[in-house]
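Participant: The listed protein sequences correspond, in order, to chains A and B. Once you know that position 36 of the first sequence is 936 in my numbering, the rest is easy, because the numbers rise by one and skip nothing. Once you know that position 25 of the second sequence is 83 in my numbering, the rest is easy, because the numbers rise by one and skip nothing. Even for Gly, the Cβ is constructed at its ideal location relative to N, Cα and C. Because the structure is a prediction, the values reported are computed rather than measured. Quick one: the structure is below, questions incoming.
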Amino acid sequence: KNEVEQSPQNLTAQEGEFITINCSYSVGISALHWLQQHPGGGIVSLFMLSSGKKKHGRLIATINIQEKHSSLHITASHPRDSAVYICAVMTQGGSEKLVFGKGTKLTVNP
Amino acid sequence: GAVVSQHPSRVICKSGTSVKIECRSLDFQATTMFWYRQFPKQSLMLMATSNEGSKATYEQGVEKDKFLINHASLTLSTLTVTSAHPEDSSFYICSARLLLTNTDTQYFGPGTRLTVL
């Protein structure tokens, strides 16, 4: 079993829909990242969370440390949001290594 | 936000040649940089951790003599794929760690697509 699990693997939505992508992890973490990877490969760091909730534009990320779960929400989705969204955790213990989920491929249709 | 660049963005080379990929942190100093590899439809896999002024730490299964890493300055790390073969074709991504009093995060480069013919 992977240490970081994302769901769903693939998600197709219509423009304007509210999107939720989930991430569960099984290890102790010091922080969790949400990353966005567009076709062509470049990776953008969207959020880094260690507790609570963060908001940036139409994107919202939440984390529940006790339940070892995080969600990424996109409000009023747009075709340009189409990308792979990756959850990555920084494990506890002083290691700065990131452990990645397999990603969620989001397609937003006009 | 902080910017990390990679060069080249794409490279095609013949089997047996060596390819060098550069990773630069443009507006901050990074004592630690990471090199990842991503095969199609797979998640990123950490290859090695590069520390400025010291030897890189390689993950299990990654050949250090094949993937040479040099972190000569606080803003530059290089990955050299030596004697490249078609199975080395992949997307290589670096990240740089920004460590401040209240911040510990990684910023990712745009990646380098390597195709070995």
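#1: Note down, in chain order, all residues in the segment 95-106 of chain B with a beta-carbon under 9 Å from any beta-carbon belonging to chain E.
#2: Could you check which residue in B/73, B/136, B/98 has the C-alpha nearest to that of residue 15 of chain B?
#3: Under 8 Å, Cβ to Cβ, is there at least one residue of chain B near residue 945 of chain A?
#4: Would a check of beta-carbon distances place residue 961 of chain A closer than 8 Å to chain B?
#5: In this structure, what does DSSP give as the bridge partners for residue 72 of chain B?
#6: Out of curiosity, what's the CA-to-CA distance linking residue 166 of chain B and residue 910 of chain A?
#7: Per DSSP, which one or two residues make a beta bridge with residue 109 of chain B?
#8: For residue 938 of chain A, count neighbouring Cβ atoms within 10 angstroms of its own Cβ and tell me buried if that reaches 16, exposed if not.
#9: Could you name the residues of the same chain whose beta carbon sits closer than 7 Å to that of residue 75 of chain B, not counting the 5 residues immediately before and after it, in chain order?
#10: Can you tell me where the beta strand (DSSP E) holding residue 1005 of chain A begins and where it ends?
#11: Is the segment 948-955 of chain A touching the segment 83-94 of chain B in the sense that three or more CB pairs, one from each, lie closer than 8 Å?
#12: Is DSSP giving residue 145 of chain B helix, strand or coil here?
#13: Of all the residues that make up the segment 922-935 of chain A, which are near chain B by a beta-carbon distance shorter than 9 Å?
#14: Compute the beta-carbon to beta-carbon distance between residue 942 of chain A and residue 98 of chain B, rounded to the nearest angstrom, for a pair I have assumed lies under 8 Å.
#15: To the nearest angstrom, how far is it from the Cα of residue 172 of chain B to the Cα of residue 945 of chain A?
#16: Report yes or no: do three or more beta-carbon pairs, one from the segment 75-87 of chain B and one from the segment 122-139 of chain B, lie closer than 8 Å?
#17: Take residue 975 of chain A as the anchor and find which of A/920, A/1004, A/991 has the nearest alpha-carbon.
Facilitator: By the coordinates alone:
#1: Included in the structure are the protein chains A and B, with no chain E among them.
#2: There is simply no residue 15 of chain B to check, as chain B begins at 59 and stops at 175 in what is shown.
#3: Cβ-Cβ to chain B under 8 Å: yes for residue 945 of chain A.
#4: Closer than 8 Å: no.
#5: Paired residue(s): none; residue 72 of chain B is not in a bridge.
#6: Pairing residue 166 of chain B with residue 910 of chain A, the inter-Cα distance amounts to about 23 Å.
#7: For residue 109 of chain B, which the question treats as bridged, DSSP gives the partners B/90.
#8: That one is exposed.
#9: Apart from sequence neighbours up to five positions away, the residues of its chain that approach residue 75 of chain B with a beta-carbon distance below 7 Å are 142, ordered along the chain.
#10: 1004-1009 is the span of the beta strand (DSSP E), which, as asked, contains residue 1005 of chain A.
#11: Touching, no, given that fewer than three Cβ pairs across the two stretches are closer than 8 Å.
#12: In the structure shown, residue 145 of chain B sits in a helix (DSSP, three-state: H, G or I).
#13: Result list: 930, 931, 933, 935.
#14: Contact flag wrong, Cβ pair sits at about 16 Å.
#15: Computed Cα separation, rounded: 23 Å.
#16: At 8 Å Cβ cutoff, the stretches touch.
#17: Looking at the Cα atoms, A/920 is the closest of the given residues.
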